[in-house]
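Asks:
2 protein chains.
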Amino acid sequence: MPRAGLTTDRVVRAAADLADAEGFDAVTTSAVARLFDVKAASLYSHVTGTDDLRTRVALLALEELADLAAAAVAGRADADALVAFANVYRDYARSHPGRYDATRLRLDARTAAASAGGRHAALTRAILRGYGLAGDHETHAVRLIGSVLHGYTSLELAGGFDHSDPPGDQTWPWILDGLDRMLRVWSDTGAS
Amino acid sequence: MPRAGLTTDRVVRAAADLADAEGFDAVTTSAVARLFDVKAASLYSHVTGTDDLRTRVALLALEELADLAAAAVAGRADADALVAFANVYRDYARSHPGRYDATRLRLDARTAAASAGGRHAALTRAILRGYGLAGDHETHAVRLIGSVLHGYTSLELAGGFDHSDPPGDQTWPWILDGLDRMLRVWSDTGAS
DNA sequence: CTAGGCTTCCTATGCTCTTTAGGCAAATGC
DNA sequence: GCATTTGCCTAAAGAGCATAGGAAGCCTAG
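Here the protein sequences come in this chain order: A and B.
Under the working numbering, think of the first position of the first sequence as 128, with each following residue one higher.
Under the working numbering, think of the first position of the second sequence as 128, with each following residue one higher.
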């Protein structure tokens, strides 16, 4: 009886692919075990359970997304950087819907602190530096950007724009343009 | 053996309360049956299964939210209406997290068409009327508002702003103000 | 090159949840 | 008061999650 050659890494990667293909909810020990033609119990040496498996997929996705975002933002500034950053999120959500869903998994404080979540916030702040927002305003803006990107991609992913005109592709640049203008207005007006 | 007095309506209402208390994922036939001190199989006369149960909770939540939003918007215009509308969403999400989660359930086309989803879009358009956006721009703006409201509330609900300063309460008005300015800018510039 | 030990995967088991089928008893209507 | 309808039941099958303990592949030391 040859071995399947399971490792935590391979299991998590397979789980992530499964999430993209079948949805994040489909990520279960049994489903992943089927992929490897192995009994579900065999996974428990590599992963402590279904929760752990899902958490690891989420961490993987956060890393991947942060890597892509960092690469996209490098060497750009202002609206250019904002658009590149935003497109990474939207493209990632469209090409890896299961992984993207995973990034919304609620992590406990310890896990969250050890995740790539901090890199996302840092990247957003780096983009905002060009807009020259002061103090709390920068934090508000980080949250605004997060809200818009997450809100739009998740509504689009859920098919919210499928059955109405114009297609989502046209709304997206419109929204990014608006975001950029909004941030510029705030950097001008300055105070709160 | 006295009867529990189940009806579809009471079952769905109990399921919605359960969702708020334990999370939307906790809405299962067994869990709801326990609430009524009844065997799980007994629910199948009132609901066709777990999917049906969850769908009904989603429809209930969409109705409730549309009712609240309609009441809040009545008699207000422009930024006033926008803020009132937005606050309904955020407050609903905070006081009824499970129901709010349910509204994000992906409905099939037929069910979605029969849901209160259309009222939400109509209300948003009603608010936008005051901003005088033309054609496609109004659709873009409907989507922008949906994205920001959903994005912000869902990030806040997920605890995204819990462990950083300033608290989310301060960011919220800032974002609404920005949204209002953004819409006004577009109504001025007019074209795309 | 072989003996022990470690790792990997297995079988077996128990619990929970979902759903279907069929039965008895409580409520309802004549 | 009796028959019908309805409401909730028991029973059972199928699937997922998880734990315990066993056996066979693989590695290293002598």
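Every residue gets a Cβ at the ideal spot worked out from N, C-alpha and C, and that includes glycine.
Just mark Ala249 (chain B) as buried or exposed, buried being the case when its beta carbon has 16 or more other beta carbons within 10 Å.
Replies: Position 122 of the second sequence holds residue 249 (chain B). By the neighbour-count rule (16 or more Cβ atoms within 10 Å), Ala249 (chain B) is not buried but exposed.
Asks: Quick check on DSSP: helix, strand or coil for Ala204 (chain B)?
Replies: The sequence position of residue 204 (chain B) within the second sequence is 77, counting from 1. Ala204 (chain B) falls in the coil class under three-state DSSP.
Asks: Is Leu260 (chain B) near the ligand HEM, going by C-beta to nearest heavy atom under 8 Å?
Replies: The ligand HEM is not part of this structure, which contains no ligands at all.
Asks: Over what stretch of residues does the alpha helix (DSSP H) that includes Ser172 (chain A) continue unbroken?
Replies: Position 45 of the first sequence, counting from 1, holds the residue named residue 172 (chain A). It is not in any alpha helix (DSSP H) - Ser172 (chain A) carries neither H nor E in the DSSP assignment.
Asks: I'd like to know if Pro293 (chain B) contacts chain A, where contact means its C-beta is closer than 9 Å to some C-beta of that chain.
Replies: Within the second sequence, residue 293 (chain B) is the residue found at index 166, counting from 1. Yes, its Cβ sits closer than 9 Å to a Cβ of chain A.
Asks: In whole angstroms, what separates the C-alpha of Thr182 (chain A) from that of Ala241 (chain A)?
Replies: Within the first sequence, the letter at position 55 stands for residue 182 (chain A). Within the first sequence, the letter at position 114 stands for residue 241 (chain A). Rounded to the nearest angstrom, the two C-alpha atoms are 12 Å apart.
Asks: Report the option in B:Ala153, B:Gly150, B:Ala167 and B:Gly286 whose CA atom is closest to the CA atom of Ala239 (chain A).
Replies: For the purposes of this step, residue 239 (chain A) is taken as the residue at position 112 of the first sequence. Comparing Cα-Cα distances from Ala239 (chain A) to each of B:Ala153, B:Gly150, B:Ala167 and B:Gly286, the minimum goes to B:Gly286.
Asks: How about Leu271 (chain B) and Val174 (chain A): are their beta carbons less than 9 Å apart?
Replies: Position 144 of the second sequence, counting from 1, holds the residue named residue 271 (chain B). Position 47 of the first sequence, counting from 1, holds the residue named residue 174 (chain A). No.
Asks: Where does Pro224 (chain A) land, buried or exposed, given buried means 16+ other C-beta within 10 angstroms?
Replies: In the first sequence, residue 224 (chain A) corresponds to position 97, counting from 1. Buried: at least 16 other Cβ atoms inside 10 Å.
Asks: Assuming the contact rule is C-beta atoms closer than 8 Å, Val215 (chain B) and Leu195 (chain B) should be a hit. Round their C-beta distance to whole Å, please.
Replies: Along the second sequence, read from residue 1 onward, the residue named residue 215 (chain B) stands at position 88. Along the second sequence, read from residue 1 onward, the residue named residue 195 (chain B) stands at position 68. Their Cβ separation, rounded to whole angstroms, is 5 Å, which keeps Val215 (chain B) and Leu195 (chain B) in contact under 8 Å.
Asks: Which residues bound the alpha helix (DSSP H) around Arg140 (chain A)?
Replies: Locating residue 140 (chain A) in the first sequence gives position 13, where the first residue counts as 1. That run of the alpha helix (DSSP H) goes Thr135 to Glu149.
Asks: Can you give me, in chain order, the residues of the region 262-290 of chain A that have a beta carbon less than 8 Å from any beta carbon in chain B?
Replies: Cβ contacts with chain B: Asp263, His264, Thr266, His267, Arg270, Leu271, Gly273, Ser274, Val275, Leu276, His277, Gly278, Tyr279, Ser281, Leu282, Ala285, Gly286, Gly287, Phe288 and His290.
Asks: Tell me which residues of the region 209-231 of chain B have at least one Cβ-Cβ distance to chain A shorter than 7 Å, keeping chain order.
Replies: From the region 209-231 of chain B, only Arg231 have a Cβ closer than 7 Å to chain A.
Asks: Less than 8 Å between the CB atoms is what I'm expecting for Phe288 (chain A) and Asp228 (chain A), so what's the real figure, rounded?
Replies: Taking the first residue of the first sequence as 1, we reach residue 288 (chain A) at position 161. Taking the first residue of the first sequence as 1, we reach residue 228 (chain A) at position 101. Actually they do not touch by this definition, with Cβ atoms about 18 Å apart.
Asks: Going by beta carbon distance, what residues of the same chain come within less than 8 Å of Glu149 (chain B), once the five residues before and after it are set aside?
Replies: Counting from 1 along the second sequence, the entry for residue 149 (chain B) is found at position 22. Result list for Glu149 (chain B): Ala158 and Gly225, in chain order.
Asks: Give a yes or no on contact between the region 246-266 of chain A and the region 197-212 of chain A, applying the rule of three or more CB pairs nearer than 8 Å.
Replies: With a cut-off of 8 Å, the region 197-212 of chain A and the region 246-266 of chain A count as touching, because enough Cβ pairs lie within range.
Asks: Would a check of beta-carbon distances place Ile254 (chain A) closer than 9 Å to chain B?
Replies: Along the first sequence, one-based indexing puts residue 254 (chain A) at 127. Not closer than 9 Å to any Cβ of chain B, the Cβ of Ile254 (chain A) fails to qualify, so no.
Asks: Going along the chain, which residues of the region 303-316 of chain B sit with their C-beta nearer than 9 Å to a C-beta in chain A?
Replies: Here the close residues are Gly305, Leu306, Arg308, Met309, Leu310, Val312 and Trp313.
Asks: With burial defined as no fewer than 16 other Cβ atoms inside 10 Å of the residue's Cβ, what is the status of Thr134 (chain A): buried or exposed?
Replies: In the first sequence, counting from the first residue as 1, residue 134 (chain A) sits at position 7. Classification for Thr134 (chain A): exposed.
Asks: Find the residues of chain A that neighbour Thr298 (chain B), judging by a C-beta separation of less than 8 Å, and give them in chain order.
Replies: On the second sequence, residue 298 (chain B) is found 171 positions in, with the first residue counted as 1. Here the neighbours are Thr266, His267, Arg270 and Leu271.
Asks: Does the distance from the C-beta atom of Ala213 (chain A) to that of Leu303 (chain A) stay below 9 Å?
Replies: Position 86 of the first sequence holds residue 213 (chain A). Position 176 of the first sequence holds residue 303 (chain A). In contact: Ala213 (chain A) and Leu303 (chain A) (Cβ atoms closer than 9 Å).
Asks: Could one say the Cβ of Arg233 (chain A) lies closer than 9 Å to chain B's Cβ atoms, at least one of them?
Replies: Along the first sequence, one-based indexing puts residue 233 (chain A) at 106. By this cut-off, Arg233 (chain A) is an interface position.
Asks: Between Leu180 (chain B) and Thr156 (chain B), what straight-line distance do the alpha-carbon atoms span, to the nearest angstrom?
Replies: One-based indexing of the second sequence puts residue 180 (chain B) at position 53. One-based indexing of the second sequence puts residue 156 (chain B) at position 29. About 8 Å.
Asks: Starting from the Cα of Asp218 (chain A), find the closest Cα among A:Leu232, A:Ser281, A:Asp164 and A:Tyr171 and give me that residue.
Replies: The sequence position of residue 218 (chain A) within the first sequence is 91, counting from 1. Among A:Leu232, A:Ser281, A:Asp164 and A:Tyr171, the Cα nearest to that of Asp218 (chain A) is on A:Ser281.
Asks: Provide the residue span of the alpha helix (DSSP H) that contains Tyr279 (chain B), from first to last.
Replies: Looking up residue 279 (chain B) in the second sequence gives position 152. Run containing Tyr279 (chain B): Asp263 to Leu284, per the alpha helix (DSSP H) assignment.
Asks: Should Tyr279 (chain B) go down as buried or exposed, given a rule of 16 or more other Cβ atoms within 10 Å for buried?
Replies: Along the second sequence, one-based indexing puts residue 279 (chain B) at 152. By the 10 Å Cβ count, Tyr279 (chain B) comes out buried.
Asks: For Leu284 (chain A) and Val269 (chain A), what's the separation of their Cα atoms in angstroms?
Replies: The residue you call residue 284 (chain A) lines up with position 157 of the first sequence. The residue you call residue 269 (chain A) lines up with position 142 of the first sequence. Going by the C-alpha atoms only, they are around 22 Å apart.
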